[in-house]
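Take the first sequence: its letter number 112 is residue 102 in the numbering used here, and every next letter is one higher. Idealized CB from N, CA, C, for every residue including glycine. Keep in mind that this is a model prediction, so the values were computed, not measured. Written out below as structure tokens is the structure these notes cover.
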Amino acid sequence: MTFETRSITKVLSANDTGETGGHQAGILVPRERRLLSFFPSLNEKDYNPRAHLKFVDASGLEWEFAFIYYNNKFFGGTRNEYRLTRMTRFIREAGLAADDEVILSRSEADEYSIDFKRKSEARPDERGVLKLGSGWKIVDMEGRR
DNA sequence: AGCCATGCACCG
DNA sequence: CGGTGCATGGCT
């Protein structure tokens, strides 16, 4: 069996929101299996495999993001990382900025939803930890290995 | 490992 | 022709 991560969050970097002037249109997803288990599995043998995912926001609007595994390292290049791209429109519409947090969830029926929490609304948890690691956090997980 | 950056293709 | 995303390299 595999892990079934149901909800994760990420504190946005300046580059994620476009504040650095880049047009990357994608945030990096660490190559960590519990994080990756939130997303559909991609065939890692393919070159830059991807899946397009529909996310519903709090107001019921649908957004399509792209979950991509840039793996050209195994095809003569240097990349070996996952990204969730095509979020710029959502980020702009929501008015998100660096240090704001996006919350991604997946239902029992594998329907994805997205929400966010502005920095000003972010609260430390019971341990007083506000931001951990690279900004990603697993909120809830089901199943076992 | 994670964030920053960009040439080019595509599309309105 | 300006904005967006792809694919990739660079920097710390």
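Which residue marks the beginning of the alpha helix (DSSP H) containing Asp6, and which one marks its end?
Your numbering for residue 6 matches position 16 in the first sequence. Here the alpha helix (DSSP H) through Asp6 covers 4 to 7.
Please report the residue range of the alpha helix (DSSP H) in which Glu34 lies.
Residue mapping note: residue 34 aligns to position 44 of the first sequence, counting from 1. Counting along the chain, Glu34 falls outside any alpha helix (DSSP H), and DSSP gives it neither H nor E.
Host beta strand (DSSP E) of Phe106 (start-end):
As a first step, residue 106 is located in the first sequence; it is residue number 116 there, counting from the start. 102 to 107 is the span of the beta strand (DSSP E), which, as asked, contains Phe106.
Where Val46 and Glu52 are concerned, what is the direct C-alpha to C-alpha distance, given to the nearest angstrom?
The residue labelled residue 46 in the question sits at position 56 within the first sequence. The residue labelled residue 52 in the question sits at position 62 within the first sequence. Their backbone Cα atoms lie some 4 Å apart in a straight line.
Please give the ranges of any alpha helix (DSSP H) in the region 54 to 109, keeping only runs that are unbroken, at least 4 residues long and fully inside the region.
78 to 84
Check each candidate in Glu34, Gly67, Ala4, Phe80 and name the one with the smallest Cα separation from Arg21.
By 1-based counting over the first sequence, the position of residue 21 is 31. Closest by alpha carbon: Glu34.
Counting C-beta neighbours from all protein chains within 10 Å, is the total for Gly11 16 or more, i.e. buried, or is it exposed?
Indexing the first sequence from 1 puts residue 11 at position 21. When all chains shown are included, Gly11 counts as exposed.
C-alpha gap between Arg82 and Trp126, whole angstroms
Along the first sequence, read from residue 1 onward, the residue named residue 82 stands at position 92. Along the first sequence, read from residue 1 onward, the residue named residue 126 stands at position 136. One C-alpha to the other measures close to 21 Å.
Assigned secondary structure, Arg24 (DSSP; H/G/I helix, E/B strand, else coil):
On the first sequence, residue 24 is found 34 positions in, with the first residue counted as 1. Arg24 falls in the helix class under three-state DSSP.
Using beta-carbon positions only, say whether Ala84 and Phe106 come within less than 7 Å of one another.
Against the first sequence, residue 84 aligns to sequence position 94. Against the first sequence, residue 106 aligns to sequence position 116. The answer is yes: Cβ separation under 7 Å.
Let me confirm a value: Asp130 is counted as buried when at least 16 other C-beta atoms fall within 10 Å, else exposed. Which label applies?
On the first sequence, residue 130 is found 140 positions in, with the first residue counted as 1. Label assigned to Asp130: exposed.
Mapping DSSP to helix, strand and coil, what is Asp47?
Within the first sequence, numbered from 1, the residue matching residue 47 stands at position 57. Coil, per DSSP.
For Ile(-2), count neighbouring Cβ atoms within 10 angstroms of its own Cβ and tell me buried if that reaches 16, exposed if not.
Within the first sequence, residue -2 is the residue found at index 8, counting from 1. It is buried - the Cβ of Ile(-2) has at least 16 other Cβ atoms within 10 Å.
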